[in-house]
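Taken in order, these protein sequences are the chains called A and B. Read in order, the letters of the first sequence are residues 1 to 402 in this note's numbering. Read in order, the letters of the second sequence are residues 1001 to 1221 in this note's numbering.
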Amino acid sequence: MSNEARLQPARLWPGDVLKVGAVGLRTRPTRAFLSALGIAIGIAAMVAVVGISSSSQAELDETLDALGTNLLTVSPGTRLTGEQAQLPLASESMVRRIAPVQALSAIGRVEDANVYRSDKIPAIQTNGIVPYAARTDLLTTIGGTVRNGKWLDAATGSYPATVLGSSAAERLGISRSGPDIQVLIGGEWFTVLGILEPAALAPELDSAALIGWPAADSTLGFDGHPTTIYTRSIDAQVESVRAVLGATANPEAPNEVEVSRPSDALAAKQAAGEAFTGLLLGLGAVALLVGGVGVANIMVISVLERRAEIGLRRSLGATRGQIRSQFLTESLLLSALGGIGGAVLGSGVTAAYAAYQDWLTVIPLWAVIGGIAATLVIGALAGLYPAIRASRLSPTEALATP
Amino acid sequence: MIELTEVTKLYPGGVAALGGVSLRIDRGELVAIVGPSGSGKSTMLNVLGTLDRPTSGTVRIDRYDVARLSDSGLSALRATRIGFVFQQFHLASGVRAVDNVADGLLYSGLRASQRRKRAAAALERVGLEHRMDHEPHELSGGERQRVAVARAVAGEPPLLLADEPTGALDTASGAGVMQLFRDLHADGTTVVIITHDRDIAASLPRQVQMRDGRIVAEVRS
């Protein structure tokens, strides 16, 4: 035949491929919505998990940026015999002589004294609140802030006045400071001077009642030994300061000193959270996979139900490839709808949770793009088998279906 | 237009739906293929429409040897040379008549605007210019079949195959649809109508009578 070579099927315009692929979605919107929902839940779970963990990381980074990572603390450990060690009275001044140490402060536990809201409270209900003698530069050294009232100064530090940690105030039922608000510490009345915000780098202060060093000495018989020394060093020198800190604080028994870096503890807590994030991400992936199976299932049913349509299209001149691409496009559209919906849903959940926690909302772009790309892969896989089945259907058989 | 030479079609299980059929239909003819159910006329339509390949024998449509065309070649042949009309109409529900017709041109390579223009023209040709925007459920059976005819002829194929086109219609609408085929034939289209209805067959200029997969008689009137 002379003109046989010219018998080439026409290609579909890209817009038409999309339109034909969307026929199934338009004619059965409920079904399309439900099967896309399966995919959406998987993607939403994954995006939200990544988003929430990133937001919490960003929050921690911001906290550490604000508070600094150059805080080292020194506290007494235990003696070889097992009893609680003590830091020497001179430990503060000795640590201050380490050259890279820029700032230093200390608290000292006041032994045998408890804190009560009033003298009517049974002695046994201590609420776990511990009175500490505090240096007046404590707050600037640890980067803490006062929520209400004032911090101790040289004057108030000599009087029976106290600043409560955030949870200590809560446990005592005190929400504001004032000259008329007093608590009983070691049998003496102390005026509540201020209440602190939670201290991220010194969580032990949250349940403390802080009083001035001289007042502790004069009214409560404080022995003057510091129980925690806080130091700020030049950033680059933190590790070398850490190496000498123990021996400097207690030259006679350096092994009885514990040195720690609170920012490390916060980062470690975050890292523990990351492991959990991995697990949740795996659960999200399983949900996504189940969603993909749902799409495959719907596509198989769709091909069975639309045999007459397939036959008609073949009679109108559709090639096998065009039938295949129609169903593949439908499957891809379904999962892309699910993917985009899921990404939006997951971002919304992240934003809501971050707002609730008072965090910055951070949704990594790679998570959103990766999630949508994953749905497309799943859609292609789910649609491949049904699409091939549809294209292999013989046109006569398809048309014979009522 | 159509040339069948010793065409047989065997189905698995040894059923011979066509047992050596030779038939020649020239360009511009209006032919009825008539026979009781089981006579092989549906298989005949599938073979004529290149929807099915014969077991043996040659089929030539518009000078193309069907056996020598690939699946995509056959698809292109159907898209450009053959229009189909089915008993059950096969219209997409929830889609306007004009879009149903335009979708028939989807595989012709025309642009959407062109397809719509041609669809409107085809609907006018079957006398449904006032039903363009109606969906199938808003149309009578006769009107639906007219939409299906419009879809089949929108691409102006030289060959129109109709499978029991009046089978699902009442007498009056059936007569209307038959008149449509006569008009198309008058405009130069080759029309082959497959039917079991002897009266309809008798109204056409050439009748090919089938029984048990063979042509038993030919009448020209």
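We treat Cβ as the ideally placed atom computed from N, Cα and C, and that holds for glycine.
The beta carbons of A1150 of chain B and F1181 of chain B sit no closer together than 8 Å.
Residues of chain A with a Cβ closer than 7 Å to the Cβ of H1090 of chain B are, in chain order, A308 and L312. Chain A places a beta carbon closer than 8 Å to that of G1049 of chain B, counting this residue as a contact.
Judged by pairs of C-beta atoms under 8 Å, the stretch 1112 to 1125 of chain B does not touch the stretch 1045 to 1056 of chain B, as fewer than three such pairs exist. Per the C-alpha coordinates, the member of A:G38, A:S158 and A:E62 positioned closest to L345 of chain A is A:G38. Each residue's CA atom was taken as its position, placing T27 of chain A and I41 of chain A some 23 Å apart. Residues of chain A with a Cβ closer than 8 Å to the Cβ of R1144 of chain B do not exist, since the nearest Cβ in that chain sits about 14 Å away.
Taking 3 residues as the shortest admissible run, the stretch 1143 to 1203 of chain B contains the following complete beta strand (DSSP E) segments, listed from N- to C-terminal end: 1159 to 1163 and 1190 to 1195.
Within the model, the alpha-carbon separation for I388 of chain A versus A1217 of chain B is close to 43 Å. Against chain A, a Cβ distance below 7 Å from D1071 of chain B picks out T319 and R320. Contact note: L1077 of chain B reaches chain A through L7, using a C-beta cutoff of 7 Å and chain order. In the three-state scheme derived from DSSP, where H, G and I count as helix and E and B as strand, G370 of chain A is classed as helix. Within the same chain, Cβ atoms closer than 7 Å to the Cβ of S75 of chain A are found at T227, T228 and E258, the five residues on either side in sequence being excluded. Per DSSP, L345 of chain A is one residue of the alpha helix (DSSP H) stretching across R320 to Q357. Between the alpha carbons of A32 of chain A and R1096 of chain B lies a gap of roughly 22 Å.
For T27 of chain A, the C-beta contacts it makes with chain B under 7 Å involve G1094, in order along the chain. When rounded, the separation of the alpha-carbon atoms in S1042 of chain B and T1166 of chain B is 15 Å.
Among the residues of chain B, none has a CB under 8 Å from the CB of S302 of chain A; the nearest is roughly 14 Å distant. When Cβ-Cβ separations below 8 Å define contact, L333 of chain A makes no contact with chain B. Per the Cβ contact rule, the stretch 101 to 108 of chain A is not in contact with the stretch 282 to 296 of chain A (fewer than 3 Cβ pairs under 8 Å).
By the Cβ neighbour-count rule, Y1064 of chain B is buried, with 16 or more other Cβ atoms within 10 Å of its own. Among the bridge pairs identified by DSSP, V163 of chain A is matched with A:G194 and A:L210.
Taking the Cα of A133 of chain A as reference, the smallest distance to any Cα among A:I211, A:R307 and A:D16 is reached at A:I211. Taking one beta carbon from each stretch, the stretch 77 to 89 of chain A and the stretch 326 to 337 of chain A have fewer than 3 pairs nearer than 8 Å; the two do not touch. At a cut-off of 8 Å between beta carbons, P395 of chain A contacts chain B. Annotation: D1197 of chain B to G1035 of chain B spans about 8 Å, alpha carbon to alpha carbon. Under the criterion of beta carbons closer than 8 Å, P1158 of chain B and L1030 of chain B do not qualify as touching, at roughly 13 Å. Put simply, the backbone Cα of I298 of chain A is about 55 Å away from that of G68 of chain A. Contact between V300 of chain A and S335 of chain A is ruled out by a C-beta separation of about 15 Å, above the 8 Å threshold. A buried status is given to N114 of chain A, since no fewer than 16 other beta-carbon atoms sit within 10 Å of its beta-carbon. The count of Cβ pairs closer than 8 Å, one atom from the stretch 128 to 143 of chain A and one from the stretch 158 to 172 of chain A, reaches three, so the stretches are in contact. Residues of chain B with a Cβ closer than 7 Å to the Cβ of W359 of chain A do not exist; the shortest Cβ-Cβ separation is about 47 Å. Cβ contact annotation for S1039 of chain B (same chain, cutoff 6 Å, sequence separation greater than five): M1210 and R1211, in chain order.
Among the residues facing chain B, V20 of chain A is included, as its CB has a counterpart in that chain under 8 Å away.
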